[in-house]
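Counting from 281, one number per residue, gives the positions in the sequence shown under my numbering. All residues carry an ideal CB built from backbone N, CA and C; glycine is no exception. In this text, all values refer to a predicted model and were calculated from it rather than measured experimentally. Written below as structure tokens is the structure these notes are about.
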Amino acid sequence: MRFGIDIGHNASPDIGATGIRQEDDLTREVGTRVITRLRSLGHTVIDCTPSRASSVTNSLWQRCNTANVNRVDLFVSIHFNKFNGRANGTEIFVASDAGRSRAQPVLNAIIAMGYFNRGLKNGAHLYVLRNTAAPAMLVECCFIDSRADMDRYNSDRMADAIVQGLTGQTAPPAPPDEDSKPVTEILQLQKTLNQLRITDANNRPLTEDGLPGPATEAATRKLQAVLGLATDGIAGERTWRNIRQVLAKPTLYYNHAAGPAVRYLQFRVGADVDGIFGPGTRAEVMRFQSMNRLVVDGIVGPASWRVLIG
Ligand SMILES: [Zn+2]
Numbered sequence: 281m282r283f284g285i286d287i288g289h290n291a292s293p294d295i296g297a298t299g300i301r302q303e304d305d306l307t308r309e310v311g312t313r314v315i316t317r318l319r320s321l322g323h324t325v326i327d328c329t330p331s332r333a334s335s336v337t338n339s340l341w342q343r344c345n346t347a348n349v350n351r352v353d354l355f356v357s358i359h360f361n362k363f364n365g366r367a368n369g370t371e372i373f374v375a376s377d378a379g380r381s382r383a384q385p386v387l388n389a390i391i392a393m394g395y396f397n398r399g400l401k402n403g404a405h406l407y408v409l410r411n412t413a414a415p416a417m418l419v420e421c422c423f424i425d426s427r428a429d430m431d432r433y434n435s436d437r438m439a440d441a442i443v444q445g446l447t448g449q450t451a452p453p454a455p456p457d458e459d460s461k462p463v464t465e466i467l468q469l470q471k472t473l474n475q476l477r478i479t480d481a482n483n484r485p486l487t488e489d490g491l492p493g494p495a496t497e498a499a500t501r502k503l504q505a506v507l508g509l510a511t512d513g514i515a516g517e518r519t520w521r522n523i524r525q526v527l528a529k530p531t532l533y534y535n536h537a538a539g540p541a542v543r544y545l546q547f548r549v550g551a552d553v554d555g556i557f558g559p560g561t562r563a564e565v566m567r568f569q570s571m572n573r574l575v576v577d578g579i580v581g582p583a584s585w586r587v588l589i590g
């Protein structure tokens, strides 16, 4: 999925509203987190936010143009509302049926945190909805001049809700810090390798002791080979990024999936590990489903993933 994410305003003279908090600050907080989370789930994200603009109209034009030139599948503009200090809650503007059906789960996810549901609204008058080719939505997360909304507001939770609404997926936790390699990181790696059923050189599960050593290194190399990465035995940012795409348990099916999660799936079901969900992989998936008394549909969804990695 190719998302166009538009962080509202933040391009003078296109600046947001001021309330208890600044709209520019909040759209940036939430928008950057949405972008990071979508990428960690393996999606392509085009950041449609301009860095400078000659006018408000030019700012809006640039956002739409970036989305259109990059042929995004869905355009999401992130804003915060302001009114009279008493109005509160969440609303999402849409201008098409396709936009409406993509926006409803986002609205549901946000109001589930306790924000008042102001509903989906007709945004046919809004520039960024009128001028984007893809289905589009403009999310008014909540009101920056409402004490109730600002007390409830948390940038991480808001971003999580938007991503969950957009993808149906929950973004995995942030990666371990590359600069320090504390015991917890080795422990995390050992736990993850065991969860992924990646064994050491003697085909034994790892001891979860938080200590680096040849067994953990050998298992890391095995996993890197499965994922098609350089097999240096060191779980760096690239390896973790790939691991997170597997742990996200994306739904995989014939002809519609590729990448690290497919490679891992192929390794587990005994298909050729080439990262492409073709006929051979489908046959092995169906065999795996039959052996595990799952619905034999060749689609790797939550039930199959539960058997694979818990
Ligand atoms: Zn705004």
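Checklist entry - Can you give, in chain order, each stretch of the alpha helix (DSSP H) that sits fully within the stretch 501-547 and has at least 4 residues? => result You should have 517-527.
Checklist entry - Counting Cβ pairs, one atom from each stretch, are 3 or more of them under 8 Å apart for the stretch 434-444 and the stretch 383-390? => result With the rule of 3 Cβ pairs closer than 8 Å, the stretch 434-444 counts as touching the stretch 383-390.
Checklist entry - Mind checking G394: buried by the 16 CB within 10 Å criterion, or exposed? => result Position 114 of the sequence shown holds residue 394. By the neighbour-count rule (16 or more Cβ atoms within 10 Å), G394 is not buried but exposed.
Checklist entry - Say the cut is 6 Å; is the CB of H405 nearer than that to a heavy atom of ligand 1? => result Mapped onto the sequence shown, residue 405 falls at position 125. Result no, Cβ not under 6 Å from ligand 1.
Checklist entry - Looking at L418 and L406, is the spacing between their C-beta atoms short of 7 Å? => result The residue you call residue 406 lines up with position 126 of the sequence shown. The residue you call residue 418 lines up with position 138 of the sequence shown. Going by C-beta atoms, L406 is nearer than 7 Å to L418.
Next on the checklist: So if DSSP puts R317 in a beta bridge, which residue, or which two residues, is it bridged to?
Outcome noted: As a position in the sequence shown, residue 317 is number 37, starting the count at 1. Per DSSP, R317 has no beta-bridge partner at all.
Checklist entry - When we look at the beta-carbon of L491 and count the other beta-carbons within 10 Å, is it buried (16 or more) or exposed? => result Counted from its first residue, the sequence shown places residue 491 at position 211. Of the residues assessed, L491 falls on the exposed side of the cut-off, its CB having fewer than 16 other CB atoms within 10 angstroms.
Checklist entry - Are there 16 or more other CB atoms within 10 angstroms of the CB of A515, so buried, or fewer, so exposed? => result On the sequence shown, position 235 is the one that residue 515 refers to. Result: buried.
Next on the checklist: Just to check my reading of the structure: L473 and L486 have Cβ atoms closer than 8 Å, yes? What is that Cβ distance to the nearest angstrom?
Outcome noted: Translated into positions along the sequence shown, residue 473 becomes position 193. Translated into positions along the sequence shown, residue 486 becomes position 206. The Cβ separation is near 6 Å, so the contact holds.
Item to check | A451 and L574 closer than 7 Å at C-beta | outcome: Position 171 of the sequence shown holds residue 451. Position 294 of the sequence shown holds residue 574. Not in contact: A451 and L574 (Cβ atoms no closer than 7 Å).
Checklist entry - Does the Cβ of V349 have 16 or more other Cβ atoms within 10 Å, making it buried, or fewer, making it exposed? => result Numbered from its first residue, the sequence shown carries residue 349 at position 69. Result: exposed.
Checklist entry - Pick from S334, I287, F547: whose alpha carbon is nearest that of R313? => result The residue you call residue 313 lines up with position 33 of the sequence shown. R313 has its Cα closest to that of I287, out of S334, I287, F547.
Next on the checklist: Whole angstroms are fine: how far does the CA of K362 sit from the CA of W585?
Outcome noted: Numbered from 1 along the sequence shown, position 305 holds the residue referred to as residue 585. Numbered from 1 along the sequence shown, position 82 holds the residue referred to as residue 362. Roughly 43 Å between the two C-alpha positions.
Item to check | beta strand (DSSP E) segment containing G284, residue limits | outcome: For this step, residue 284 is matched to residue 4 along the sequence shown. For G284, the enclosing beta strand (DSSP E) has its first and last residue at 282-287.
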